[in-house]
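Participant: Protein chains in written order, with our numbering: chain H, 1 to 113; chain C, 1001 to 1113. All residues carry an ideal CB built from backbone N, CA and C; glycine is no exception. Here the structure is a predicted model, which is why all the values come from computation and not from measurement.
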């Protein structure tokens, strides 16, 4: 099946720990995105990448880091510098051309204990 | 932030009625898209309307776009209980570093059987 997957579905972290959220797609999409969603809120862009080995900061990049070593993969690390990391994290991909939709993964819910 | 806003924030209707939700955005766009999100899940693309289009239909969905007012509306006709979800509009715009998407704050729709 073609699609975009995220793991794990639920993640618990102690304060001061870094955690990495996985995002994989087999849609051959060039562009990948990470969003954060807080309860009752819209999506806010953390980082995005249009091509391998290149990525750009979104609106709320502080306390997060990413890598794009492979076209299929765009992992997000939530570092201890992120002061309020508890949220729902969504990964998306798009073909990179205009007039295109984003395909979303099922999300990872991160809770800091 | 270039995040848009949906109106109303929440909407509750009886099954069979029509549901209308509105979206306002701030900057010039290439396209406007509507997405649906079931609770705790990823977003699913519903419909895309280009900046040079004024109206588009897809099944029970009707989308309008008024670029002079920087607004769009989504109409769901003959609603069903299964339409209960949050609905988000998203605009995209070219930047120097690629195509970015900007999501609204969402409308939570409840369809009562």
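What residues match up with residue 24 (chain H) in a beta bridge as DSSP calls it?
Facilitator: H:5 and H:73
Participant: So which residues of chain H does residue 1054 (chain C) contact, with C-beta pairs closer than 7 Å?
Facilitator: Within 7 Å Cβ-Cβ: nothing; residue 1054 (chain C) doesn't reach chain H, min ~16 Å.
Participant: Residues of the stretch 62-77 of chain H with a CB closer than 8 Å to any CB of chain C: list them in chain order, please.
Facilitator: Per Cβ criterion, the list is empty.
Participant: Counting only the same chain and skipping the five closest in sequence on each side, list residues whose C-beta sits under 7 Å from that of residue 51 (chain H).
Facilitator: Hits under 7 Å: 30.
Participant: From residue 6 (chain H) to residue 82 (chain H), what does the alpha carbon distance come to, in whole angstroms?
Facilitator: Using only the alpha carbons, I get a separation of about 20 Å.
Participant: Closer than 7 Å by C-beta to residue 1067 (chain C): which residues in its own chain qualify, once you throw out the five before and the five after it? Chain order, please.
Facilitator: 1051
Participant: Using only alpha-carbon positions, find the residue among H:94, H:84 and H:105 that is nearest to residue 14 (chain H).
Facilitator: Taking the Cα of residue 14 (chain H) as reference, the smallest distance to any Cα among H:94, H:84 and H:105 is reached at H:84.
Participant: Quick check on DSSP: helix, strand or coil for residue 1007 (chain C)?
Facilitator: DSSP, read as helix, strand or coil, puts residue 1007 (chain C) in strand.
Participant: Taking Cβ to Cβ, would you say residue 37 (chain H) is nearer than 9 Å to residue 88 (chain H)?
Facilitator: yes
Participant: Mapping DSSP to helix, strand and coil, what is residue 92 (chain H)?
Facilitator: In the three-state reduction of the DSSP assignment, residue 92 (chain H) falls in the strand class.
Participant: Would residue 1033 (chain C) pass as an interface residue toward chain H - the criterion being a Cβ-Cβ separation below 9 Å?
Facilitator: By this cut-off, residue 1033 (chain C) is an interface position.
Participant: Run through chain H and tell me which residues come within less than 8 Å of residue 1104 (chain C), C-beta to C-beta.
Facilitator: 42
Participant: So, is residue 1090 (chain C) buried or exposed, given that buried needs 16 or more other C-beta atoms within 10 angstroms?
Facilitator: Looking at its Cβ environment, which holds 16 or more other Cβ atoms inside 10 Å, residue 1090 (chain C) is buried.
Participant: Please list the partners that residue 105 (chain H) has in chain C, where partner means a Cβ-to-Cβ separation under 8 Å.
Facilitator: 1042
Participant: With 16 as the cutoff for other CB atoms within 10 Å, does residue 1039 (chain C) come out buried or exposed?
Facilitator: exposed
Participant: Among the candidates C:1076, C:1096 and C:1054, whose CA atom is the shortest distance from the CA of residue 1111 (chain C)?
Facilitator: C:1076
Participant: Taking buried to mean at least 16 other C-beta atoms within 10 Å of its own C-beta, is residue 1014 (chain C) buried or exposed?
Facilitator: exposed
Participant: Only counting the same chain, and skipping five residues up and downstream in sequence, which positions put a Cβ closer than 8 Å to that of residue 68 (chain H)?
Facilitator: 32, 49, 51, 52, 53, 54, 55 and 74
Participant: When DSSP builds the beta bridges, which residues end up paired with residue 83 (chain H)?
Facilitator: Partner(s): none; residue 83 (chain H) has no beta bridge.
Participant: Using the C-alpha atoms, what's the distance from residue 22 (chain H) back to residue 1008 (chain C)?
Facilitator: 34 Å
Participant: For chain H, find out if any of its Cβ atoms is closer than 9 Å to the Cβ of residue 1048 (chain C); answer yes or no.
Facilitator: True, the Cβ-Cβ gap to chain H drops below 9 Å.
Participant: Give a yes or no on whether the minimum CB-CB distance between residue 58 (chain H) and chain C is below 9 Å.
Facilitator: yes
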